[in-house]
Structures are given as C-alpha cells and as structure tokens.
Amino acid sequence: MKILIVEDEPKAGDYLQQGLREAGFAVELVHNGVDGLHLALGGDHDLLILDVMLPGLDGWSVLRRLRAAGRTVPVLFLTARDAVEDRVQGLELGADDYLVKPFSFAELLARVRTILRRGRSALEATSIRVADLELDLLRRRVTRAGRRIDLTAKEFGLLELLMRRHGEVLPRSLIASQVWDVNFDSDTNVIEVAMRRLRAKVDDGFEPRLIQTVRGMGYVLEAPEGMR
Amino acid sequence: MKPVRWSLTARLTALYTLVAALVMAGLGGLVSVVVNRHFVELDRDYLADKLRLVQQIAGESPSRALLAERLDALLASHQGLFVELRQDGVPVYGAQAPVFQTAPALPGPDQNPLDWPVDGRTLRGLAASSPAPAALGGGPALQWRLALDTVHHSHFMGALHRSLALYLLGGVLLSGLLGWWAARRGLQPLRLMKERASAVTAQKLDQRMPVASVPVEFADLAASLNAMLERLQGDVQRLQAFSSDLAHELRTPLNNLLTQTQVSLAQPRTPREYQDILASNAEEFQRLARMVSDMLFLAKTDHGLELPRRERIDLREAVQSLFDFYDAVAEERQVGLRLHGHARVTGDRLMLRRAISNLLSNALRHAPAGSTVAVDLSAQGDAVQLCVRNGGPGIDPALLPRLFDRFFRADPSRQHGDADGTGLGLSITQAIMAAHGGQVSVQSVPGETVFCLRFPAGGGG
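Sequence order for the protein chains is Z and R.
Counting with the working numbering, you get residues 1086 to 1313 for the letters of the first sequence.
Counting with the working numbering, you get residues 159 to 619 for the letters of the second sequence.
Set out below in structure tokens:
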C-alpha cells in the first residue's frame, strides 16, 4: 500500500512518514502543494494525506485539480481548523475523511486503514477467528477454546470491532465512536471500564491474553507470535 | 467629490442665522410697505386738499389772468406741486409743465393717486373736473390735474432702507454669534462624554458617563453607554480570568512533561523505561489536546454560531443510548441508572448528547455505591425539562454559583486525576444549552444533587 503525504510542517511530516512506514506502508513525503499535485498525478498511490494549509497550492486546490484530472485516489485531510464550513467543503470536494490537529497517531492509523479497506469488497465473513477465540457473527455467539462466553450486546459489539481489526491499535475515541456512537470525549473512563470487563470474560482463565492495552495509544486484540 | 461634513455646531449656527435673517428681512419689508402706504395716503389727502384749494381759487377769480396769477403764487409757496387746468381739452393753465406730458390717465380724488416717472423723479397725481364758474365765462367743465414730486419721500425711504439693512446685518451677525454660543454650550455634555469615552481602555473600563449632570436628551444615551461599558467590563473580566486560568491549567501539565522528559534524558535508560515515559507523556499530551479542543468548542459555541444541525430529537432515546455507554461504569460503581418520562426537543443531536453525557458523567462520579442516578424527562407544552439527580453528600452551597465556571473543580484533590476531565464539562453543557436558547441549573442539598436542562417553549431549542 502506497501513501503520499503532503505536509509542510517538517517535523509533523517526518513523524507521519516514520509512523506509517513502520505500520507497513510505503510512504512518500513532500512539503508543498505543487510537488504534491505533481507526484499524485504521476503516481499510483492508494491514499493521499493532505494538509489543508500548504505553501504554493493549498490542499483544497490540490484535491480539486486531482479530481478534475479524473483521479479517484482516496484523500484524507489534515487541518488545524475545526470549522464546519471546512469540513463541508472538504467532503463536497470529494475528500474521504477529515482529521483535526492535534490528533493521535493511533486515530490516524485507524482511519487510514478504514479508508484503504473500503475499496476492497471484503467477503462478508460469518465468523472471525483469532487464535482460539471465535466470533460467530450469525448466531452472535463467542467461544474460546471451545467454551461458550456470554457477552452483552455492547460487549459483543466491542469484541467484534477488536477482532475485525485485530492487530491494529484502536484509540479510545475510535472505539467510543464505533461501538456507542459517542463522538465526543467523556470525563469518565468508560472505555477502560468496558475493556476491563470484556477482558475479564474473554481472557481470564485462558492463555495467552489476547486483549492488550497499549499505553498512551489504545487497545489491540492480537495473538502472540507463533500462534497466528 | 467628497460631501462636506458639517459639524453640529456649524449646522445649528447656520440654521439660527438663516432663521434670524428671514424673520428680520420680513419685518423690514413689512415696515417699508406700511410706511410707503402711509405716504400714499398722506399724498392723496394733500392733493385732494390742494384740489379743493385751486377749485376755490378758480371760483373766486374774476378773470383767467388773475386766476393764473393766483395759481402761480400758490405754486411758488408749495414746493414740488404742479397744477394743470384745461377747459374742454383747451389748456387754460400750466399745460406747458412737462411733468404732465407723460402722465397716465389719473384717478379721481377719492382714490389713491397714481405714480409715474419723469426725468428720474417720481410724480404722483390725480385728476378732477368741476363746473366752470361764472366769473370765468361759464362753458364746459374745468379739467384739473394735480401732481406732487415725491422726492422727499424717496429720501426718507432710502434712509429707512439703509437703516433697516444695517440693522438686519447686525441682527443676523449677532444672532449667528448667539446661535454658535448656544450650540456650543448645548453640546458641552457631548464633549464631556467624548473625553470620558476616550479615557476608556481595556484596563480602565471602570469609567462611566455622567448621567445626572447632563440634559435629559443625553441622559438616556449616557445610561445606555454605561450599560454597554458594564457588560464589556464583565466580559473582559471573565476573559481575563479565563486566560489566567488557562495559562495555569496549561502550565502544570507542560511543567510535568518538561521535567519528566529532561530527567529521562539526563541518563541512559532501558527501552522499557523509555516506553513508560513516552506512554505517560502521550497520556498527558492527549489531555492537553482534549483541553484545547474543548476550549475551541466553547469559544465557537460562545460565539453564538448557528447550530450545526437542527432536528427533532427524542430525549428518551438519547438518554437511553448514553445509559448504554455508561452502563459498565455504573455497574462497576454499583450505581443504578433509571429513566422516567418522555420528551422531544429540536436541536443538534451531537451537542445535546454531549450536554447530557456531561451531566451523567458528573452524577456517576459523585453518586455513592448502592444509590441510583435518575433522569426525569418532563414536558409542559413545548417547554421541556431534563433533570439528572444523584445521591451523595451534596455540593457546598458556597460553591454552587461557580460550578459552571471554566476549569472549576468542586473537589480540589481531584485536580489532575487521569480519568478526570478538563474541568470544562459543565461549562460545555451550559454553552450548549445557551446555544439552544435553554439553560442549565443546579440544586443541591445533603443527600441529593439535581442538574436540570430546560428548553423553553418554542425557543431556540
């Protein structure tokens, strides 16, 4: 998967490049809109990460010219301004997603993967399996090592999200948004509590522990090496 | 061309001057007309009088020669008087006098005499006929024409007009001057207010306009300006308090981050230690980022921006879905969640859920184990109320007024707990309610605390 980053702030650009590269993507980085447009028109990227405020040619214009040239490559906008008009303009121009700075890298990574996954018509699996944990989507039933685990509806939703995106670190904000449709922060540590309870049901009494907390980032459901 | 901008003083002065000039010119014209008319009447009487006199002379004269002699004597003693006598169109006396050659048809003695010009002078005359006396041989009637030179009137009228013009000029100048002085004096309070206003700065917002000492016309304006200053002062004070709070709120985590990072850099450490430090930093950064976006949200909402979206919202559904969210936390804290009633409002779904979520989060945090957090929905007509009540020790009444202040935390010991919020939750709820035309209120007694969201009937909500 090839990603082009157009970001004028050198430090931010470097870290994005490093982070995405380490997440397994091939990443190109340029620092202004003109170079960005040139590369995007000539390249075969799977995703464009565009800063809105760019020297030379701003993000909107890059996207506009790209679409005018018939390119349908997905675009994720980064901006420091959280104005509704901006959001609307971006989406009208055909941006695929929108992140307001400061954002957490885990959030960006999760969104990037969501966009890249969108294109592929994933086979609607009826069950997901990670190590000895199995999620039956049709009967909404969870078993681990053959033993049935009882979950509430929301716990099932939470586990489904973690398993569908196993191996990815999911930030709290993304979990709250996807499972509870809560798109704002809460003063209460709801996600921690919910994860703790889910983990007690899924991991307690089993080996290995599948649900991990990644401090400062979020949560990941992952089988240890060798069990994949 | 740029239009000339007249000062108020100049306008008033010009107006006074114009009015005075019009009034005095009118008065002068009236005087002049009246005096002239008076002169005409005098002349008529004079001419009628002289007509009787010459007719009497004609009646008493035995011959035409004697008549001419007597008339000559009369004219010699009456400067400016002219007499002409004809009988049946034939000149008898004075027909040579050039003044009558250009005369119009003259009226009789019972009417006002007519004027006509002769050699730059103005003559005024009348005509009459009388039966020819026997002493003059009888025959057809005598035709008299009498005229008077009005040069003495012209002298008088000229002098009068000059005096009037002088008086008018002086009067206009004087009233202009008085007008200017009155306008300046009348506008004095305005200058006073201007001086006060120019003394107002962000640091000196305690200046107020004089209300008691200015005329009633200005008192209203002064009072309105004072009210405006009052509001500005309040806003600026809140803003100043907010920025200093903000600086303080940012300083503590920044200080922690800086210290922790520099201490970590002072010595080589194991990867595990670095990971711990970075993770801890990431948490702190997330808190900072959240504080910034919360403050941006508040700033935008305070700006009174249009609600992003307006739709009918079933509050029961909204609360129920938030109960789902807080369910695990409530269960862990052994607090029950209960919902009563139904209500619908119009508003922005995301914002309203956020407002309710903040109240629920707050209630859950303070509810003791074994108690219940209850949400009551009620509607009276269009007016809707949502109340969240929880048990617990209650809030110190002294702290209640500050509860919705930004960064205010009732319990100082919770100041920087990880899970705790930014201290902006209740402020955000308040701002969201204000954006919906509603309000949030709180009541607290030992044993129960109730937060209520009120949406007015047909209001912005």
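Here a beta-carbon is modelled for each residue, glycine too, at the ideal position from N, C-alpha and C.
Starting from the beta carbon of residue i, find every residue of chain R whose beta carbon is closer than 9 Å, and list them in chain order.
{"i": "THR1164 (chain Z)", "result": "Correct list: empty, because the minimum Cβ distance to chain R is about 12 Å."}
{"i": "ARG1300 (chain Z)", "result": "GLN433, ASP434, LEU436, ALA437, SER438, ALA440 and GLU441"}
{"i": "LYS1239 (chain Z)", "result": "ASP482, PHE483, ASP485 and ALA486"}
{"i": "VAL1287 (chain Z)", "result": "What VAL1287 (chain Z) touches in chain R: nothing, since even the nearest Cβ is about 14 Å away."}
Go ahead and label residue i buried or exposed: buried means 16 or more other beta carbons lie within 10 angstroms of its beta carbon, across all protein chains shown.
{"i": "HIS406 (chain R)", "result": "exposed"}
{"i": "TRP1265 (chain Z)", "result": "buried"}
{"i": "PRO1293 (chain Z)", "result": "exposed"}
{"i": "ASP1235 (chain Z)", "result": "exposed"}
{"i": "LEU1306 (chain Z)", "result": "buried"}
{"i": "SER602 (chain R)", "result": "buried"}
{"i": "THR410 (chain R)", "result": "exposed"}
{"i": "GLU199 (chain R)", "result": "exposed"}
{"i": "GLU1092 (chain Z)", "result": "buried"}
{"i": "ALA1191 (chain Z)", "result": "buried"}
{"i": "ASN413 (chain R)", "result": "exposed"}
{"i": "LYS1096 (chain Z)", "result": "exposed"}
{"i": "TYR251 (chain R)", "result": "buried"}
{"i": "VAL372 (chain R)", "result": "buried"}
{"i": "ASN520 (chain R)", "result": "buried"}
According to DSSP, what are the bridge partners of residue i?
{"i": "TRP302 (chain R)", "result": "R:LEU243 and R:ALA286"}
{"i": "LEU480 (chain R)", "result": "Paired residues: none, contrary to the question."}
{"i": "LEU1306 (chain Z)", "result": "Z:ILE1296"}
{"i": "LYS1087 (chain Z)", "result": "Z:ALA1111"}
{"i": "ASP1182 (chain Z)", "result": "Z:LEU1161"}
{"i": "ASN548 (chain R)", "result": "R:THR607"}
{"i": "TRP274 (chain R)", "result": "R:LEU281"}
{"i": "VAL1215 (chain Z)", "result": "Z:LEU1218"}
{"i": "THR504 (chain R)", "result": "R:ARG470"}
{"i": "THR530 (chain R)", "result": "R:GLY494"}
{"i": "ILE1200 (chain Z)", "result": "Paired residue(s): none; ILE1200 (chain Z) is not in a bridge."}
Residue i and residue j: beta carbons closer than 7 Å?
{"i": "ARG547 (chain R)", "j": "ALA532 (chain R)", "result": "yes"}
{"i": "VAL487 (chain R)", "j": "THR1273 (chain Z)", "result": "yes"}
{"i": "LEU1218 (chain Z)", "j": "LEU1295 (chain Z)", "result": "yes"}
{"i": "MET1086 (chain Z)", "j": "LEU1194 (chain Z)", "result": "no"}
{"i": "ARG303 (chain R)", "j": "ALA290 (chain R)", "result": "no"}
{"i": "LEU1148 (chain Z)", "j": "LEU1126 (chain Z)", "result": "no"}
{"i": "LEU1135 (chain Z)", "j": "PHE1162 (chain Z)", "result": "yes"}
{"i": "VAL1278 (chain Z)", "j": "GLU441 (chain R)", "result": "no"}
{"i": "ARG567 (chain R)", "j": "ASP1270 (chain Z)", "result": "no"}
{"i": "ASN1117 (chain Z)", "j": "GLY1141 (chain Z)", "result": "yes"}
{"i": "ARG1035 (chain Z)", "j": "LEU1122 (chain Z)", "result": "Any question about residue 1035 (chain Z) goes unanswered here, given that chain Z covers just 1086 to 1313."}
{"i": "ARG1225 (chain Z)", "j": "PHE1241 (chain Z)", "result": "yes"}
{"i": "ILE586 (chain R)", "j": "MET509 (chain R)", "result": "no"}
{"i": "THR504 (chain R)", "j": "ARG470 (chain R)", "result": "yes"}
{"i": "ARG282 (chain R)", "j": "LEU318 (chain R)", "result": "no"}
{"i": "SER333 (chain R)", "j": "TYR174 (chain R)", "result": "yes"}
{"i": "ALA1308 (chain Z)", "j": "VAL1227 (chain Z)", "result": "no"}
{"i": "LEU1129 (chain Z)", "j": "PRO1159 (chain Z)", "result": "At residue 1129 (chain Z) the sequence reads Asp, which differs from the Leu that was named. No, these two residues do not count as a Cβ contact at 7 Å."}
{"i": "GLN543 (chain R)", "j": "ARG612 (chain R)", "result": "yes"}
{"i": "GLY499 (chain R)", "j": "LEU535 (chain R)", "result": "yes"}
{"i": "LEU1220 (chain Z)", "j": "MET1248 (chain Z)", "result": "yes"}
{"i": "PHE240 (chain R)", "j": "HIS311 (chain R)", "result": "no"}
Check the Cβ of residue i against every Cβ in chain R and list those closer than 7 Å, keeping chain order.
{"i": "ARG1282 (chain Z)", "result": "ALA486"}
{"i": "SER1271 (chain Z)", "result": "SER515 and SER519"}
{"i": "ALA1279 (chain Z)", "result": "ALA486"}
Using the beta-carbon of each residue, which ones in chain Z are nearer than 7 Å to residue i?
{"i": "PHE620 (chain R)", "result": "Residue coverage of chain R in this structure runs from 159 to 619, which leaves residue 620 (chain R) outside it and unanswerable."}
{"i": "ARG448 (chain R)", "result": "ASP1270"}
Which residues in chain Z have a C-beta closer than 8 Å to the C-beta of residue i? List them in chain order.
{"i": "GLN444 (chain R)", "result": "SER1189 and GLY1301"}
{"i": "ARG512 (chain R)", "result": "PHE1269"}
{"i": "GLU583 (chain R)", "result": "Residue identity differs from the one stated: residue 583 (chain R) is Gly in this sequence, not Glu. Under the 8 Å cutoff, chain Z gives ASP1272."}
Residues of chain Z with CB closer than 9 Å to the CB of residue i, please, in chain order.
{"i": "SER479 (chain R)", "result": "TRP1265, ASP1266 and VAL1267"}
{"i": "GLU490 (chain R)", "result": "VAL1278, ARG1281 and ARG1282"}
{"i": "LEU522 (chain R)", "result": "THR1273"}
{"i": "LEU508 (chain R)", "result": "ASN1268 and PHE1269"}
{"i": "GLY528 (chain R)", "result": "By Cβ distance, chain Z contributes nothing, its closest Cβ being about 18 Å from GLY528 (chain R), past 9 Å."}
When you compare the CB of residue i with every CB in chain A, is at least one pair closer than 7 Å?
{"i": "GLU469 (chain R)", "result": "Among the protein chains of the structure shown, namely Z and R, there is no chain A."}
### Query
Between the segment 179-190 of chain R and the segment 314-324 of chain R, are three or more C-beta pairs nearer than 8 Å?
yes
### Task
Take every Cβ of the segment 553-563 of chain R, pair it with every Cβ of the segment 513-522 of chain R, and state whether three or more of those distances are shorter than 8 Å.
no
### Query
So does the segment 464-477 of chain R actually touch the segment 420-439 of chain R, counting three or more Cβ pairs closer than 8 Å?
no
### Message
Quick check: the segment 235-249 of chain R against the segment 294-301 of chain R, are at least 3 beta-carbon pairs closer than 8 Å?
### Response
yes
### Message
For the segment 255-275 of chain R against the segment 212-219 of chain R, do three or more pairs of beta-carbon atoms, one drawn from each stretch, fall closer than 8 Å, so that the two count as touching?
### Response
no
### Message
Does the segment 377-389 of chain R come into contact with the segment 349-369 of chain R, if we say contact requires no fewer than three beta-carbon pairs (one atom in each stretch) closer than 8 Å?
### Response
yes
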